[in-house]
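Under the numbering used here, the first residue of the first sequence is numbered 504, with each subsequent residue one higher. Just so it is clear, CB atoms sit at the ideal spot from N, CA and C, and this is done for glycine as well. The structure under discussion appears below in the form of structure tokens.
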Amino acid sequence: MQSTEKTNHNFVSDVHEVAKLVPYGRVTSYGAIAHYLGSRITARMVGWAMHACPRGVPAHRVVNSKGELTGKHHFKTPDTMQKLLEKEGHRIVADKILQFSEVFWNPSAEFG
DNA sequence: AATCTGACGGGCA
DNA sequence: GTGCCCGCCAGAT
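If you want it as structure tokens, here you go:
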């Protein structure tokens, strides 16, 4: 059947939903969300989806696979992301979350 | 219409 | 550890 769908940015809202599931005091990565959503979604797609994250999505809890705050420039100010994370109890040095593996939250491990 | 880029990540030299 | 390449999709120029 010929689907008349032109844009499939259905995954965009999926990304936002998963991001909302990240618990307070925890963080996840773009790649983890991508893997959870399926192999056709890559970390880069997740990053792209986050540029339009609606209010209520804790975008600051999504960092790259090394725990670095690579998306901080997309917040109101470049230090907003770090501020929010520190407020949630995280330790950040040089835009990098310390003990990242201990606060990392993996959606695939929780649901899949 | 074609090309480059982007909040990324894994693999390989 | 460093550096380059590939993949995936949509938007911008």
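Check	Outcome
Under 8 Å by Cβ, that's how I've got Val-518 and Ile-536 pegged, so tell me the actual separation to the nearest angstrom.	6 Å
Looking at C-alpha atoms only, which residue of Ala-597, Met-553 and Trp-608 is the closest neighbour of Tyr-527?	Trp-608
Can you have a look at Gly-615 and say buried or exposed, based on whether 16 or more other CB atoms are within 10 angstroms of its CB?	exposed
Exposed or buried, what is Gly-550 when buried is set at 16 or more other beta-carbons lying within 10 Å of its beta-carbon?	buried
Express the C-alpha separation of Ala-612 and Val-530 in angstroms, rounding to a whole number.	14 Å
Ignoring anything shorter than 3 residues or poking outside the segment 520-607, list the beta strand (DSSP E) runs there in chain order.	none
Could you have a look at Asn-513 and say whether DSSP puts it in helix, strand or coil?	helix
For Val-515, collect the residues of the same chain with a Cβ closer than 6 Å to its Cβ; drop the 5 residues on either side in sequence, then sort them by chain order.	Ala-552
According to the neighbour-count rule (16 or more other Cβ atoms, all chains shown, within 10 Å of its Cβ), is Gln-585 buried or exposed?	buried
Compare the Cα-Cα distances from His-563 to each of Lys-523, Gly-541, Val-596 and Pro-610 and report the closest residue.	Lys-523
I'd like to know whether the C-beta atoms of Gly-598 and Thr-573 end up nearer to each other than 9 Å.	With the sequence shown as reference, residue 598 is identified as Asp, and Gly is not the correct amino acid for it. Yes, Cβ-Cβ distance for Asp-598 and Thr-573 is below 9 Å.
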